[in-house]
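Residue 978 is where the sequence shown starts when you use the numbering used here, and the numbers rise one by one after that.
Yeah, the Cβ is synthetic: ideal placement off N, Cα and C, and Gly gets one too.
Note that the coordinates shown come from a computational prediction; the quantities given were computed from them, not determined experimentally.
These notes are about the structure you will find just below.
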Amino acid sequence: MDLSTRPLSGMRQLYPADMRIENCIVEKIRLAGAAYGFEEYDAPTLEPVELFLAKSGSELVLEQSYRFTDRGGRNLVMRPELTPSLARMIASGQDIAVPVRWMSFPICFRYERPQRGRVREFRQFNCDILGVRDESADVEVILVLDRIVRSFGACEGTWAIRLSNRELASELLAALGVPASSHQDAFAVIDRKSKLPPEEWSAWGVEKLGTGFGAVERLTECTGLDDPILDSMLGASRSLGSMRALVGTLREAGLSSVTFDPCIVRGLDYYTGTVFELTDTGGANRRAICGGGRYDNLVGLFGGRPMTGVGFGLGILTLRLFLETYGLLPAELSSRRPPDVYVAVFSPAERDTAFRAAEVMRSSGLTVEMDLECRSLGRQFGTASKIGARFVAVIGPQEVSSGSVSLRDMRTAVQRTMSTAEAVRAIESGNAD
978 MDLSTRPLSG MRQLYPADMR IENCIVEKIR LAGAAYGFEE YDAPTLEPVE LFLAKSGSEL
1038 VLEQSYRFTD RGGRNLVMRP ELTPSLARMI ASGQDIAVPV RWMSFPICFR YERPQRGRVR
1098 EFRQFNCDIL GVRDESADVE VILVLDRIVR SFGACEGTWA IRLSNRELAS ELLAALGVPA
1158 SSHQDAFAVI DRKSKLPPEE WSAWGVEKLG TGFGAVERLT ECTGLDDPIL DSMLGASRSL
1218 GSMRALVGTL REAGLSSVTF DPCIVRGLDY YTGTVFELTD TGGANRRAIC GGGRYDNLVG
1278 LFGGRPMTGV GFGLGILTLR LFLETYGLLP AELSSRRPPD VYVAVFSPAE RDTAFRAAEV
1338 MRSSGLTVEM DLECRSLGRQ FGTASKIGAR FVAVIGPQEV SSGSVSLRDM RTAVQRTMST
1398 AEAVRAIESG NAD
């Protein structure tokens, strides 16, 4: 049987160049979260199917997830997202101080048709606050999201944070004559508007909602928080007042990219209040980059104390596509970081001494790459030059007998014989003279 060199469709396979990019993105995100006091956590990759059926909705689990029965007869799912696992952890009875500020970088799985920015195995960033009842938690997680985008140098006008409110949408649907039993279906229709061609969306909406689709169309045509339909149909609605206050607070904090959009409802069943998306508003990559919202009933479903929550999940791949579209990734990521010193070995007879010298240098905090094949010194110097090593430490018969190394500065071609400790100091100072 011939083995394929290709990975399974949609699965992660990152060569070192891709890992450099991902690590850079992850580190900037980590710093943004840490600036607000978020701590990292993780959860199991495998969970009971029931956890996600109860918390995320049947469509995600039954149509988009990897499910199987293990040898113990348990029905399991490879996590398609992290929030239900987070809620289970919080509800487990551990002595966890509130408010909870947790962040994570999970690998998740969804059985979807692979396409640009959408794969079956993906890494994302999750950021959540639990235990804060008012909208201050919503403000803070959105501020984290804004800080992440700005940390990469994104220009105004290339992105926006669009938000709405599930309670507000439900009140509008009710005022427009849609019964509460149909609201979840209506949310699903609204959520698909930006993902389907207009005619296809309308046909699917009518099939799903019947005459109620007209109310959904009217809701999605709302032009903003000042649209007359809001005041005329809702009056002194608490959710409308909260939404206006939230947008006002965010703009007061300097977030000019924040806008109200009634089409933002998010597809997961557990959202209860504020919902939001980070969107690329430029050109070639116009799409949602990230989504999140408030889920005030999720932890309480486990039978423990009720606890409010709000958070988001940001796909690392979708963020990378955004950054690549606008040239926001550092140029130096295109090549590997060179070692501080390359150890050239004259022959196998000197290899043990070379290993010992290299370990001394590494213990001093230097990055050291050593030639393991004892090729000709000319080829070894060629490799050192190719990978950008500033210094080469040569270990030959004379160096072994004298307990020294010959250190060459590749920029100046100056080469001196010295002890390993002196070589470390010279490399750290950047001067072998």
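From the options, residue whose alpha carbon lies closest to that of residue i
i	options	result
V1126	I1106, M1395, R1297 and R1169	R1297
R1124	T1251, V1382, F1368 and L1008	L1008
R1393	D1410, V1183 and L1305	D1410
A1230	P1061, D1246 and V1121	V1121
G1373	R1328, M996 and K1363	R1328
Y1319	A1334, A1366 and E1309	A1366
P993	R1313, F1323 and A1334	R1313
R997	A1331, L980 and S1311	S1311
G1259	T1302, G1225 and A1031	T1302
L921	D1246, V1382, T1360 and V1345	This structure does not reach residue 921, given that the chain is present from 978 up to 1410, and the question cannot be answered.
D1273	N1142, T1330, K1172 and S1383	N1142
L1384	E1350, V1322 and T1060	V1322
Alpha carbon of residue i to alpha carbon of residue j, nearest angstrom
i	j	result
S1113	R1271	12 Å
L1207	C1199	8 Å
A1180	I1293	33 Å
P1316	G1304	27 Å
V1235	A1137	6 Å
E1036	D1162	12 Å
N1052	R1215	42 Å
T1135	S1128	14 Å
D1115	T1251	7 Å
E1184	W1178	10 Å
F1015	I1006	11 Å
F1045	T1022	13 Å
L1223	V1118	12 Å
C1132	V1038	37 Å
M1066	A1335	45 Å
E1309	S1379	39 Å
A1020	L1063	7 Å
V1054	V1026	5 Å
Y1248	E1144	10 Å
G1290	I1073	22 Å
D1047	G987	23 Å
Y1013	E999	22 Å
Assigned exposure category for residue i - 16 Cβ within 10 Å defines buried
i	result
D1257	buried
V1075	exposed
E1024	buried
P1239	buried
M1220	buried
N1103	buried
E1376	buried
T1397	buried
Residues near residue i in its chain [Cβ-Cβ closer than 7 Å; skip 5 each side]
i	result
E1254	R1139, I1241, A1265, C1267 and G1268
R1087	Q1041, S1042, P1057 and R1097
P1307	C1001
G1182	V1166, F1190 and V1193
P984	Q990
V1155	A1163, G1189 and A1192
G1010	M1080, C1104 and V1121
Spatial neighbours of residue i in its chain, beta-carbon cut-off 6 Å, leaving aside the 5 residues before and after
i	result
F1164	V1242
R1160	Here residue 1160 turns out to be His, not Arg, going by the sequence shown. Excluding residues within five positions, the ones whose Cβ falls inside 6 Å are S1147 and L1150.
Contact set for residue i: own chain, Cβ-Cβ below 8 Å, skip 5 residues either direction
i	result
R989	I1084, V1096, E1098, F1099 and R1100
- [ ] Decide yes or no for the touch test of the stretch 1273-1286 against the stretch 1106-1121: beta carbon pairs closer than 8 Å, at least 3 of them.
- [x] Touching, per the Cβ criterion.
Task: Sufficient close CB pairs (3 or more, under 8 Å) joining the stretch 1149-1168 to the stretch 1182-1201 - done: yes
Task: Segment contact, 8 Å Cβ cut-off, at least three pairs: the stretch 1378-1395 with the stretch 1341-1348 - done: no
Open item on the list: Three Cβ pairs or more, each shorter than 8 Å: is that satisfied between the stretch 1396-1404 and the stretch 1346-1365?
Closed with: no
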